[in-house]
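Enquirer: Once you've had a glance at the structure underneath, I'll fire off some questions.
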Amino acid sequence: MRKSFISKVSFLFIATLLMWLKTYVVYKTSFNIKIENFMQEFILFINPLSFLLFIFGIGLFFKEKNRNRFIIGTSIILTFVLLANMVFYRFYNDFLTIPVLFQTNNMGDLGSSINSLFMPTDMLLIVDIVILVWLYKRKPIHASSVATRKERAAYFLFAIAVFFFNLGLSETERPQLLTRSFDREVLVKNISLYNYHIYDGLIQSKQSAQRALADSNSLTEIENYVNANRTDTNQKLAGIAKGRNVILVSLESTQNFVVNQKLNGKEITPYLNDLIKKSYYFENFYHQTGQGKTADSEFIVDNSLYPLGRGAVFFTNAGNEYTAMPEILKGHGYYSTIFHANNKSFWNRDIMYQSLKYDKFYDVQSYNVTDENSVGWGLKDKEFFEQTSALMKDLPQPFYTRLITLTNHFPFELDEEDKMIDEYHSNSRTLNRYFPTVRYQDEALKRFIEKLKEDGLYENSVIVLYGDHYGISENHNEAMGQFLGKEITPFEEVQLQKVPLVVHIPGVTDKQPKTIDTVGGQIDIRPTLLNLLGIHSSDQVQFGNDLFSKDKKEFTVLRDGSFITKDKVYTDGICYDKATGQPVKDQASCEPYVEKAKEELSYSDEIIYGDLLRFYDNDRLKKNSKKQ
Ligand code: GP9
Ligand code: MN
């Protein structure tokens, strides 16, 4: 007698149901996953289902006896995955990643304490397996009960439907989930712990393949290109900030159009406008970030390499070897830290900062964050700066540090009491709300610099402020056009990618401030800063140049291939005249730069995908530069 499909899959369904519930219970009891609303809880609840249907569904290709054995085996393996993550989480407050599994120092930490990390309640994880084994032993076997092709097709279609239903809900809750946000917690929360591991595995294997194919010859070619494009640094400014602490402040979503600009007669950034009068201020300075947003800007600043065209290099290539700022500065006695009051795993920062050789990362756990002192994405900037300066006081000096602000982040939420300027009136709620949060950030900054003075850190530091990336996307062009009083053409869109860069050197720039119109980008921060600190970087593989260099080539490439020169802007295949904002007659005049922009971006990509800096050899490079 043929068995009905339901009875064929009853064991499979029981296993799926038990593992589904078990996973959810583990989510709720072993991990600390933040849930903000009912929808997020619902997604968390359903997210293991699609994967479990798939994996157990493979059993449908076997006859009943083997099928049930397969299902029990799979349950055991998945239970191990759960347990491994639970134990790892108890120690690291994070989910396992493949590179972490092979990072011996991480595991070394864990090794000694692994026994103490197991809890008696972990034994409960085997309850469902015991039930399955008992059912398996009890049930009579029907030899002919293999699933038909049609039944299998229907089953997998159902699993696919569940998967897309889950993904659809997650996309609405968290747009660009897979391309933009690489917080492990967000991934687990939305696509399940299991699918997260698959995703992680795919990224890892792609990366390993690219790395395996690369050799040191590839680096030599790139070195030649970089050396040919290097300009001499400004000798007058070389070493002007020698031995000073470096305080970089990443200004969240801060575009240059707010600087020296008013809304309803009130300055939007009064403090910054003031500080500019005592600093070097670059008014034609662009961000060069891609999908990795803040993390991309950090990557550019520390390495003077471009971020990737897709994905976030902080996530995809955190295991690479780099010669980043902390490492270069360590050779000159510097201690390096990051201050950022967010989850350490956001943008995979905890792992990447190890590769960049930071000495310490002060993440959210170093801060006192409460409902009262938070808004939007977390700790308010004023509180952040306040608490950071308390921590900064005790750092070994000289130090290199980056502070990453957060309040001026989409959706630009702000408490009434913190609003110092009115919202704008336009059809874009986003742009309207942007101004009060920028104004708030400016106020927070003011207090921070005062604090540095009180703490005696100011005089002996160089303070660099820069916008990390745009805050207002092209979706708000109409409202932006209304504010700026001009139509936002593709040319203007590129100009809106300008972010402020302010270099403040107490005792130097207050005496001789300067507004500089040289075209530059985030990639130039590192060589510029190193020259001010009196550190040679001509032996480094870096794409930027000293912004103060007498013969700095005015050519800045954005991550999408657009570029800006002294008199032209190129974007979307059209070459514009900067003076008029109109396409130039002689379109071919941009051609040589188009090729160069492509070449530059692809060389940088090659370094990252091939992990080429592992072939970087200080001595060989020194010999090379002497020969030239
Ligand atoms: C989060 C902060 C903001 O930690 O860096 O990230 P963003 O969305 O701007 O990249
Ligand atoms: Mn940002």
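With UniProt numbering, letter number 158 in the sequence shown gets 158, and the count goes up by one each step, no holes. Using N, Cα and C, we set each Cβ at its ideal position, and we do this for glycine too. Computed from a predicted model, the values in this text were never measured in an experiment.
Under 6 Å Cβ to Cβ from residue 104, same chain only, skipping five residues before and after it: list those, please.
Expert: With a pLDDT of 46 at residue 104, under the threshold of 50, the modelled position of this residue cannot be trusted; read the value that follows with caution. Counting only Cβ-Cβ distances below 6 Å, and skipping sequence neighbours, we find nothing.
Enquirer: Relative to the C-alpha of residue 240, which residue among 532, 548, 253 and 558 is closest?
Expert: Comparing Cα positions, the closest option is 532.
Enquirer: Using DSSP with H/G/I as helix, E/B as strand and the rest coil, what is residue 572?
Expert: Three-state result, residue 572: coil.
Enquirer: Which of the three DSSP states, helix, strand or coil, is assigned to residue 488?
Expert: Residue 488: coil per DSSP, three-state reduction.
Enquirer: Considering only the alpha carbon of each residue, which of 469, 493 and 466 lies closest to residue 478?
Expert: The residue with the shortest Cα to Cα distance from residue 478 is 493.
Enquirer: Do you know how far the Cα of residue 490 is from the Cα of residue 535?
Expert: One C-alpha to the other measures close to 39 Å.
Enquirer: Out of 588, 590, 589 and 569, point me to the one whose CA is closest to residue 580's CA.
Expert: Residue 580 has its Cα closest to that of 569, out of 588, 590, 589 and 569.
Enquirer: Taking just the CA atoms, how far does residue 319 sit from residue 188?
Expert: Approximately 21 Å between the Cα atoms of the pair.
Enquirer: Quick check on residue 611: buried or exposed, where buried means 16 or more other Cβ atoms within 10 Å of its Cβ?
Expert: Residue 611 is buried by the Cβ-count criterion.
Enquirer: Determine the closest residue to residue 361 out of 453, 604 and 395, with distance taken between C-alpha atoms.
Expert: Answer by Cα proximity: 395.
Enquirer: With respect to the beta strand (DSSP E) encompassing residue 466, which residues constitute its N-terminal and C-terminal limits?
Expert: Per DSSP, residue 466 belongs to the beta strand (DSSP E) from 461-467.
Enquirer: What does DSSP give as the partner residues of residue 245 in its beta bridges?
Expert: The partner list for residue 245 (beta bridge, DSSP) reads 461.
Enquirer: With respect to the beta strand (DSSP E) encompassing residue 657, which residues constitute its N-terminal and C-terminal limits?
Expert: The structure shown does not extend to residue 657, since the chain spans only 1 to 628, so no value can be given for it.
Enquirer: What residues in its chain sit with their C-beta under 6 Å from that of residue 85, if we drop five residues either side in the sequence?
Expert: 95 and 96.
Enquirer: In terms of alpha-carbon separation, which member of 59, 390 and 264 lies closest to residue 453?
Expert: Looking at the Cα atoms, 390 is the closest of the given residues.
Enquirer: Considering only the beta carbon of each residue, do residue 276 and residue 421 sit closer than 8 Å?
Expert: No, they are not a contact pair.
Enquirer: Identify, in the order they occur along the chain, each residue of the same chain with its Cβ nearer than 8 Å to the Cβ of residue 613, setting aside the five sequence neighbours on each side.
Expert: Once the five neighbours on either side are set aside, the close Cβ partners of residue 613 are 219, 320, 321, 322, 323, 541 and 607.
Enquirer: Should residue 409 be counted as a contact of the ligand GTP given a C-beta to heavy atom distance under 7 Å?
Expert: Looking for the ligand GTP in the displayed structure turns up nothing; the ligands present are the ligand GP9 and the ligand MN.
Enquirer: The alpha helix (DSSP H) with residue 598 in it runs from where to where?
Expert: Taken as a continuous stretch (DSSP letters only), the alpha helix (DSSP H) holding residue 598 covers 591-609.
Enquirer: Quick check: the Cα distance between residue 464 and residue 238, rounded to an integer number of angstroms?
Expert: Using only the alpha carbons, I get a separation of about 16 Å.
Enquirer: Select from 470, 425, 417 and 46 the residue whose C-alpha is nearest the C-alpha of residue 483.
Expert: It is 425 whose Cα lies nearest to the Cα of residue 483.
Enquirer: Return the first residue and the last residue of the alpha helix (DSSP H) that residue 196 is part of.
Expert: Where residue 196 is concerned, the enclosing alpha helix (DSSP H) stretches over 184-213.
Enquirer: Going by C-alpha distance, which of 400, 616 and 609 is nearest residue 213?
Expert: Of the candidates 400, 616 and 609, the one whose C-alpha sits nearest the C-alpha of residue 213 is 609.
Enquirer: Any heavy atom of the ligand GP9 inside 7 Å of the beta-carbon of residue 294?
Expert: The answer is yes for residue 294.
Enquirer: Anyone know if the C-beta pair for residue 255 and residue 499 falls short of 8 Å?
Expert: It is a contact, given that the beta carbons lie within the stated cut-off.
Enquirer: Would the beta-carbon of residue 406 be found less than 7 Å away from any heavy atom of the ligand GP9?
Expert: Yes, the beta carbon of residue 406 sits closer than 7 Å to at least one heavy atom of the ligand GP9.
Enquirer: Rounded to a whole number of angstroms, what is the C-alpha to C-alpha distance between residue 152 and residue 172?
Expert: Their Cα atoms are separated by approximately 30 Å.
Enquirer: Roughly how many angstroms separate the alpha carbons of residue 208 and residue 263, rounded to a whole number?
Expert: C-alpha separation (whole angstroms): 51 Å.
Enquirer: Between which two residues does the alpha helix (DSSP H) holding residue 77 run?
Expert: Residue 77 -> alpha helix (DSSP H) spans 64-92.
Enquirer: Give every residue of the same chain whose Cβ lies closer than 6 Å to the Cβ of residue 571, excluding the five residues on either side of it in the sequence, and list them in chain order.
Expert: Excluding residues within five positions, the ones whose Cβ falls inside 6 Å are 490, 494 and 562.
Enquirer: Put residue 350 into one of helix, strand or coil per three-state DSSP.
Expert: Reduced to three states, the DSSP call for residue 350 is helix.
Enquirer: For residue 564, does the three-state DSSP call read helix, strand or coil?
Expert: Strand at residue 564.
Enquirer: Quick one: what does DSSP say residue 137 is sitting in, helix, strand or coil?
Expert: Three-state result, residue 137: helix.
Enquirer: Restricting to Cα atoms, I'd like to know which of 448, 403, 335 and 345 is closest to residue 382.
Expert: Closest by alpha carbon: 448.
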